[in-house]
Amino acid sequence: MCGIAGIYAPGGQASEHLVRSMVERLVHRGPDGEGYHLEHRLALGMRRLAIVDLAGGSQPLYNEQRNVAVVFNGEIYNHRELRAWLEGRGHSLSSQTDGAVLPHLFEELGPAFVERLNGIFAVAVWDAERQTLHLARDRFGVKPLYWTEQDGRLSFASEIRALLADPAIPREVDLEAVDHFLTFRFMPSPYTPLAGVHKLPPAGTLSHSSGGVEHGSYWAAAPTRRRSDRSTLAHEYADAFERGVVRQMMSDRPIGVMLSGGVDSAAITAVLAKHSSQVRTFTIGFSTGGDTDETSLAAETARLFGAEHEHLILGPSDYLEALPRSLEILEEPVGSNSSLAVNFVADLMRPTVPVALCGQGADELMGGYWRHLGLKLSQLGRRVPGARLAAQLPGLDRRVRLARGLRTLRAGDDLDLLMTTYRLFRDEDKLRLYRASTAERLRDGNPPEATVERLRERVSHLDPLAQMLYVDTRLWLPDELLLIADKMSMAASVELRVPFLDQDLVALAESVDSGQKIRGLTRKSLHKQAMLRWLPREIVYRKERGWNTPAGEWLRYELRPLLEDVLLTDGEVCRELFEEREMRRLIETHAAGASDHTRLLYALLSLGLCYRGLAVPA
Numbered sequence: 273m274c275g276i277a278g279i280y281a282p283g284g285q286a287s288e289h290l291v292r293s294m295v296e297r298l299v300h301r302g303p304d305g306e307g308y309h310l311e312h313r314l315a316l317g318m319r320r321l322a323i324v325d326l327a328g329g330s331q332p333l334y335n336e337q338r339n340v341a342v343v344f345n346g347e348i349y350n351h352r353e354l355r356a357w358l359e360g361r362g363h364s365l366s367s368q369t370d371g372a373v374l375p376h377l378f379e380e381l382g383p384a385f386v387e388r389l390n391g392i393f394a395v396a397v398w399d400a401e402r403q404t405l406h407l408a409r410d411r412f413g414v415k416p417l418y419w420t421e422q423d424g425r426l427s428f429a430s431e432i433r434a435l436l437a438d439p440a441i442p443r444e445v446d447l448e449a450v451d452h453f454l455t456f457r458f459m460p461s462p463y464t465p466l467a468g469v470h471k472l473p474p475a476g477t478l479s480h481s482s483g484g485v486e487h488g489s490y491w492a493a494a495p496t497r498r499r500s501d502r503s504t505l506a507h508e509y510a511d512a513f514e515r516g517v518v519r520q521m522m523s524d525r526p527i528g529v530m531l532s533g534g535v536d537s538a539a540i541t542a543v544l545a546k547h548s549s550q551v552r553t554f555t556i557g558f559s560t561g562g563d564t565d566e567t568s569l570a571a572e573t574a575r576l577f578g579a580e581h582e583h584l585i586l587g588p589s590d591y592l593e594a595l596p597r598s599l600e601i602l603e604e605p606v607g608s609n610s611s612l613a614v615n616f617v618a619d620l621m622r623p624t625v626p627v628a629l630c631g632q633g634a635d636e637l638m639g640g641y642w643r644h645l646g647l648k649l650s651q652l653g654r655r656v657p658g659a660r661l662a663a664q665l666p667g668l669d670r671r672v673r674l675a676r677g678l679r680t681l682r683a684g685d686d687l688d689l690l691m692t693t694y695r696l697f698r699d700e701d702k703l704r705l706y707r708a709s710t711a712e713r714l715r716d717g718n719p720p721e722a723t724v725e726r727l728r729e730r731v732s733h734l735d736p737l738a739q740m741l742y743v744d745t746r747l748w749l750p751d752e753l754l755l756i757a758d759k760m761s762m763a764a765s766v767e768l769r770v771p772f773l774d775q776d777l778v779a780l781a782e783s784v785d786s787g788q789k790i791r792g793l794t795r796k797s798l799h800k801q802a803m804l805r806w807l808p809r810e811i812v813y814r815k816e817r818g819w820n821t822p823a824g825e826w827l828r829y830e831l832r833p834l835l836e837d838v839l840l841t842d843g844e845v846c847r848e849l850f851e852e853r854e855m856r857r858l859i860e861t862h863a864a865g866a867s868d869h870t871r872l873l874y875a876l877l878s879l880g881l882c883y884r885g886l887a888v889p890a
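So the mapping is simple: this note's numbering equals the position in the sequence shown, first residue as 1, plus 272.
1. Mind checking Q331: buried by the 16 CB within 10 Å criterion, or exposed?
2. Measure the CB-CB distance between A277 and L314 and report whether it falls below 8 Å.
3. Is the region 578–597 in contact with the region 730–740, if contact means three or more CB pairs nearer than 8 Å?
4. Give the C-beta separation of L620 and L584 to the nearest angstrom, bearing in mind that I take them to be a contact with Cβ-Cβ under 8 Å.
5. When you compare each of S548, L595, I601, A542 to E572 by their alpha carbons, which one comes out closest?
6. Using the Cα positions of L661 and L647, report the straight-line distance between them to the nearest angstrom.
7. Hey, would you say L637 sits closer than 8 Å to A781, going by beta carbons?
8. Along the beta strand (DSSP E) that carries M530, what are the first and last residues, could you check?
9. Where are the beta strand (DSSP E) runs, 3 residues long or more, that stay fully inside the region 335–392, in chain order?
10. Secondary structure at E782, three-state DSSP: helix, strand or coil?
11. Please specify which runs of the alpha helix (DSSP H), each continuous and at least 4 residues long, are wholly inside the region 403–479, giving them in chain order.
12. On the criterion of 16 or more Cβ atoms from any shown chain inside 10 Å, does H487 qualify as buried, or is it exposed?
13. Quick check: the region 758–766 against the region 457–473, are there 3 or more CB pairs under 8 Å?
14. When burial is assigned at 16 or more other CB atoms within 10 Å of the CB, is N718 buried or exposed?
15. Skipping 5 residues on each side, what residues in its chain have a beta carbon closer than 6 Å to that of M318?
16. Going along the chain, which unbroken runs of the alpha helix (DSSP H) with 4 or more residues stay wholly within the region 742–785?
17. Cα separation between T555 and E380?
18. Among residues of its own chain, excluding the 5 on either side of S385, which ones have a beta-carbon nearer than 6 Å to its beta-carbon?
19. Under 8 Å by Cβ, that's how I've got G639 and K789 pegged, so tell me the actual separation to the nearest angstrom.
20. Is S783 near R791, with beta carbons less than 8 Å apart?
21. Per the DSSP calculation, W398 is bridged to which residue(s)?
22. How should T861 be labelled, buried or exposed, when 16 other C-beta atoms within 10 angstroms of its C-beta is the threshold for buried?
23. For K800 and P771, I'd like the C-alpha separation in whole angstroms.
24. Measure how close the beta-carbons of P833 and E604 come, nearest whole angstrom, since I'm counting them as under 8 Å.
25. State whether the region 820–833 contacts the region 852–872, with contact taken as three or more CB pairs (one from each stretch) at a distance under 8 Å.
26. Exposed or buried, which one is S709 when buried takes at least 16 other CB atoms within 10 Å?
27. Quick check on the DSSP output: the alpha helix (DSSP H) that includes E836 runs from which residue to which?
28. In this structure, does DSSP put R552 in helix, strand or coil?
29. Is V766 near the ligand SAH, in the sense that its beta carbon is under 7 Å from a heavy atom of that ligand?
30. At what residue ranges does the region 567–625 contain a whole run of the alpha helix (DSSP H), taking only runs of 4 or more?
31. Quick one: any contact between the region 357–368 and the region 389–408, if contact means 3 or more CB pairs under 8 Å?
32. What first and last residue would you give for the beta strand (DSSP E) that runs through R319?
33. Can you give me the Cβ contacts of S598 inside the same chain, cut-off strictly under 8 Å, excluding the 5 residues immediately before and after it?
34. Assuming R746 and L727 form a contact by the criterion Cβ under 8 Å, report the distance between their Cβ atoms to the nearest whole angstrom.
35. Pick out whichever of L849, R853, L873 has its Cα sitting closest to the Cα of D446.
36. Smallest Cα separation from N820: which of G557, T692, A628?
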């Protein structure tokens, strides 16, 4: 695990001083060392978090002729198989680290080398013979990679702040990114908060030479099989899950589990206990207790599998004090108010384990969210005569979740159905919020619907629920949840891995008919059946809790001064882009209890703090 950065200037000079400054901003991602490859027009740098081959795993990595140089962030889980293949073709690898295969694999396959990788990664490859820099990101976007081009010079880095070590990079706000954020509560790739900085999409590639920049994608698989052989599927799924966890146990340092009270991380703990003599688990809880506190459930799971368990209880003051800094760490606005949990638990892990497994990915693949059940129910409801007309009756949409459900009944085609489920701010909400100048500048922009349709059209032959699961895995997951997991954990120098996104497991999961994933009112139905191999029934089917905070209450009281400062102060981004009167209306009606604007206000707070953290002038 590392932080990487670099500059390639085909027609000029790459500044060694600048790339060192970029790398210096990534120390938290790699506290165990640094490395550089420096030429007149090229400068590559990295910071290392040593996990595999502690003594010999330094970077950059080279082939025998040293005409291919690589820096990369992440893990290559199939490196042993690749190593055997490369050695069979006469290659001599310089170390036992997983990344050692990369320059040799590029030498054999060229840019298509990335198709052979099973792992989580952001990689930069310098092809000296062809004077071309290649960038690539893993299939699901577990590891981030940002880039910018200024006057033919391309710069890249694992984090936006590293790029901003270069004062020449414009700090202009990306209005389309803001518009997309207000729809989705995250900024989908390739958008970032800055118009001049781009996010390489999951499975994305970029090649830069004297001829300019070329973009591509090496994987865009769309499921075709719709399997319903349930008992066989449950058996195969449990097998594939075990193989995925074992594959991701690859480490020369201790491994932990980010353990909640739910089924997914508990199953990971069970498999880890089967294959390891020592298991460490970590949980945080909230002092308000009740349904938001999973510490007792996590401790019960840890005892069941003999894990060495640690937990931390947070109070409201701990959360509120850390909130502004946490939103700055993310570098991108995110509307989820649970992001701080990852940072707190990573801080708890760091003294004993630098790498941990987490349960992300299962919900998106197997239908674990309430919106998935809601979409399925809306499909059924739309077939009932008169349902659409009834959904338009006045007075039914006063509660947020009910209102969203009713809107799905009114939806037109499949794209409209998905967008109705996804939308945070509706179009009419945005029109009230935007200043006239903001709305005018967005008039001819790329609408959020196009971002969803680009993915949805690949699976338009499937039912709406299957379409949503496919889009969730490639849009919502990388640009919100995996972004949070990476930024928050790496701020504490801890690597998080995601066994449920093992490539073989994903391929199997996406071959399953959506009717097997949600049966009746049971979300993740097939998934839970498969997990019975690893867990007792009372854990698999226990009531979900999750990390929840009383954000709505805090926005009325404790957070209100910060909210008003970030939204309403002259010079702040929100104050410049949005109507003051509408923001005050949202704040005041929420404070009075007349409406619940928790999701909207928290999103605006996140947006404002993000730009404040990047020191972007309005």
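No residue lacks a Cβ here, since even glycine has one placed at the ideal position from N, Cα and C.
With the given structure in hand:
1. It counts as buried.
2. no
3. Between the region 578–597 and the region 730–740 there are fewer than three C-beta pairs closer than 8 Å, too few to call the two in contact.
4. The beta carbons of L620 and L584 sit about 5 Å from each other, so the pair counts as a contact at 8 Å.
5. A542
6. Low confidence applies here, because L661 scores a pLDDT of 43, under 50, leaving its location unreliable and the question unanswered by this model.
7. yes
8. 527–530
9. 340–348
10. coil
11. 432–435, 447–456
12. exposed
13. no
14. exposed
15. C274, I276, G307, Q331, V343
16. 754–762, 775–781
17. 44 Å
18. First, the amino acid is wrong: residue 385 is Phe here, not Ser. Result list for F385: L377, F378, in chain order.
19. Yes, G639 and K789 are in contact; Cβ-Cβ is about 4 Å, under 8 Å.
20. Contact: no.
21. A341, L405
22. exposed
23. 16 Å
24. At roughly 24 Å, the Cβ-Cβ gap does not stay under 8 Å, so P833 and E604 are not in contact.
25. yes
26. exposed
27. Per DSSP, E836 belongs to the alpha helix (DSSP H) from 832–840.
28. strand
29. The ligand SAH is not part of the structure shown, which contains no ligands of any sort.
30. 567–576, 588–602, 611–621
31. no
32. 314–320
33. S611, L612, N615, M760
34. 5 Å
35. L849
36. G557
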